[in-house]
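In what follows, a structure is listed as structure tokens, so that the remarks can point back to it.
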Amino acid sequence: MENKRKIFQYGNDQLTCSIAMQLATGHIKGELIASTIEKVVQSAQYVQEIVDSGKIVYGINTGFGPLCTTLINPADTKKLQENILKSHAVGIGEPIDKQLSKLMMILKVHALAKGYSGIQLTTLERMIWFIDHDIIPIVPKQGSVGASGDLAPLSHLFLPLIGLGKVWYQNEIRQTSEVLALLETKAITLGAKEGLALINGTQFMAAHAIKAVSEMHNLLENADLIATLMIEGLNGSIKPFFAQLHQLRPYKGNQYVASTIYNLLQASEIVTSHQNCSRVQDPYSLRCIPQIHGASRNAWLHLKDTIEIEINSVTDNPIIIDSELTISGGSFHGQPIALPIDYATLAISEIGNVSDRRVYLSLEGDTPNVPKLLLKETGLNSGFMILQYSTAALASENKGLCFPSSADSIPTSLGQEDHVSMGSIGARKLLQVINNVSNILSIELICAAQAFDFHKPLQSTAIMEAVHQEIRKVIPHITEDQMMEDILSTAQQLVSSGSLVHVAKQIAKEQRVPYHGLHHEYFNNF
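Taking this note's numbering, the leading residue of the sequence shown gets 780, the next gets one more, and so forth.
Next up, the structure:
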């Protein structure tokens, strides 16, 4: 039972975004099983048969890209594979996060283990050895156009196989040659087709997207909770979350958000206290939360489903079906995931955009008992005014980052690669926008908790009271101007850690009250 839970079978099991993250964090270990090894060995044998036959096949005994018509002497086929790693390792900029590099390696192992790439078993085993020993290659952020896959990043990723490049080892950046010597291990020699198999693929884009799926899920969960706290703080109506409304426009994301927030508000004393107030309807940032957050949920689901197809696919080139059939196609092209990545960037940016509007709304002083700028004594004190400057700045920055990278294409490889996806650029931007939105939500959290305080002694629901108490354990109610740096940092930690969501789930379980709503199997499955 332990093995079924803790072991992932490369090339055989279905990889999900969640499992990939667990492999990267070491919570699950990956291995090769006998049937997978057999497929890998057979595929390598097909390549050898092609080499021995003298049949001309791209990337095995020809040059690469525009040099595809240049034949390579059989004696030089191995040198050709080493040269492709060296020549394509031209990435620019700071290294990507270590976890992303490890994810890239994991994704590549899984793709190559499918048995259609002609990789040698010894090469695949060495890649797994790097993962298991947490020897993670240094990969620069820039340099991929996302067309023949992520050529430059993947070249840097696999230079260490032949003893070149740099790696993280024991929390230090070191020369690969030093680490191999320290561990009394020699670099490997690549065989025919292997260099091309290693550097063709979408693993840079896909690794970023996996991390984005994980972080977006956490932010969307936080966004619903924090928005609900703000609804309570600003005496928002519960009616926009009634099921009857969303049955008439049944998008899964909308229905999920509406039913979740309805569960969080049902039987709240604060809601009951203003049922007969004179306000006819709330501003859109409160009333349209199901439509806005729900649309972003739908985008998240689309990204997740798309990426999980991608990470279980073979994306190098050429594909080795058998010794008689090799196909030089375009499965390395990033377009299928570049478009959803850009869509997800826009979707998560909108979560920050509407969060900023709720922060602004909380400062206006139009809610009974809730003072302007969220402070009872202003004039000498500016209150929470300037917090909204930060959310405005971040929301505006995100708007600039939302221009779709996939709308651009600059031909490369002397015109052989005449349309490229730019998916790698989009993937990096997505993580940048996610980080900005996390900070926007942390500010909304501070404002929502402050507004919530002014309705005491009225009680909200058990879940929302517990969420508010969790905030108040580390962030005090503010009565006068003070330095906000530490408070902002604490709020950011509350959001990024997912601790508020954890508390909400725990209380729901203990109290046996509903929390996640309709279609939770789609949106709470990560």
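Ideal placement from N, C-alpha and C gives every residue a C-beta, glycine not left out.
Within 8 Å, strictly: CB atoms of residue i and residue j
i     : j     : result
H935  : I952  : no
T902  : L943  : no
K881  : A803  : yes
I1327 : E1259 : As displayed, the chain neither begins before 780 nor continues past 1305, which places residue 1327 out of reach and without an answer.
F983  : M906  : no
V820  : T1105 : no
A976  : A931  : no
K857  : T955  : no
E1011 : F1231 : yes
S1075 : E1129 : yes
A1241 : I1286 : yes
G1015 : L933  : no
G928  : T1094 : yes
A1245 : V1282 : yes
T1039 : Y1294 : yes
Rounded straight-line distance, which links the Cα of residue j to that of residue i
i     : j     : result
A971  : Q801  : 33 Å
A890  : V992  : 20 Å
D913  : A1002 : 34 Å
N1033 : R1058 : 24 Å
Q827  : E1103 : 12 Å
C1181 : D831  : 51 Å
N782  : K865  : Model confidence at N782 stands at a pLDDT of 42, short of 50, so the residue's coordinates are unreliable and nothing is read from them.
R1291 : Y1035 : 19 Å
K920  : A1206 : 11 Å
M780  : I786  : Any reading at M780 needs caution, since the residue's pLDDT is 32, under 50, leaving its predicted position unreliable; the model's value is listed next. Each residue's Cα considered, the two are about 10 Å apart.
G1296 : E1000 : 12 Å
Q1248 : I1219 : 21 Å
I1116 : V1149 : 45 Å
N1303 : A1123 : 17 Å
Q949  : P874  : 17 Å
S893  : I812  : First, the residue type needs correcting, since residue 893 is Lys and not Ser in the sequence shown. Roughly 12 Å between the two C-alpha positions.
D1101 : H806  : 36 Å
L1013 : Q1211 : 30 Å
L1142 : G974  : 59 Å
S1239 : A1270 : 21 Å
S1278 : F1111 : 38 Å
Y825  : S814  : 17 Å
S1217 : L859  : 46 Å
Y895  : Q1114 : 21 Å
Neighbour-count burial assignment, residue i, 16 or more Cβ in a 10 Å radius
i     : result
L1209 : buried
S1185 : buried
F1021 : exposed
Y1168 : exposed
I910  : buried
A1311 : The requested residue 1311 does not occur in the structure, where the chain is confined to residues 780 to 1305.
T981  : buried
D1265 : exposed
P1236 : exposed
R1137 : buried
I1213 : buried
H1025 : buried
N1055 : exposed
G790  : buried
Supposed contact pair residue j and residue i - C-beta distance, whole angstroms, cut 8 Å
i     : j     : result
G1108 : I1098 : 7 Å
W1079 : H996  : 7 Å
P1183 : D1121 : 4 Å
N1132 : A1172 : N1132 to A1172, Cβ: 12 Å. No contact.
Y1030 : N1077 : 6 Å
L879  : N1091 : In fact, because the Cβ distance is near 19 Å, the residues do not count as touching under 8 Å.
L1140 : P1062 : 6 Å
K877  : I915  : 5 Å
- Message: For the pair the stretch 786–804 and the stretch 875–889, tell me if three or more CB-CB distances fall below 8 Å.
- Response: yes
- Message: Pairs of beta-carbons, one from the stretch 1151–1158 and one from the stretch 1194–1201, closer than 8 Å: are there three or more?
- Response: no
- Touch check for the stretch 1083–1090 and the stretch 1038–1048: three-plus C-beta pairs under 8 Å? By the C-beta criterion, the stretch 1083–1090 is judged not to be in contact with the stretch 1038–1048, since fewer than 3 inter-stretch pairs fall below 8 Å.
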